[in-house]
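42 is the number of the first residue of the sequence shown in my numbering; add one for each residue after it. For reference, the structure is listed below as structure tokens.
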Amino acid sequence: MGTVFLFLIGFGLAVTGGVTTIAYMNFLPSGISWGDYLIFITGRLECYFLPIGFILMAIALFRYPHNM
Numbered sequence: 042m043g044t045v046f047l048f049l050i051g052f053g054l055a056v057t058g059g060v061t062t063i064a065y066m067n068f069l070p071s072g073i074s075w076g077d078y079l080i081f082i083t084g085r086l087e088c089y090f091l092p093i094g095f096i097l098m099a100i101a102l103f104r105y106p107h108n109m
């Protein structure tokens, strides 16, 4: 049960971080370069939820029992 909960928390964080990262891409048409965009998202806390969520999901998948 703990691994399922960990996976769901990771999934929620990954979705939040991914949506935020994509939403900040709306700055690109206004003339911001990719370098400036990357510098901007590294300074935003909610953009770190995407890799943290992926890591939590990977931990949950590797800890899930493989009894068959």
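In this text, a Cβ means the ideal position worked out from N, Cα and C, and glycines have one as well. The structure presented is a predicted model; accordingly, all values stated were derived computationally and were not measured.
Span separating the alpha-carbon of residue i from that of residue j
i: S74; j: I93; result: 26 Å
i: V56; j: G72; result: 27 Å
i: F52; j: L102; result: 12 Å
i: G43; j: I82; result: 31 Å
i: F95; j: R104; result: 14 Å
i: T62; j: L91; result: 8 Å
i: L76; j: H107; result: Residue identity differs from the one stated: residue 76 is Gly in this sequence, not Leu. Those two C-alpha atoms are separated by around 43 Å.
i: I100; j: V45; result: 11 Å
i: A64; j: L47; result: 26 Å
i: P70; j: R85; result: 20 Å
Residue environment, residue i, which counts as buried when at least 16 other CB atoms sit within 10 Å
i: L97; result: buried
i: L49; result: exposed
i: G58; result: buried
i: L79; result: exposed
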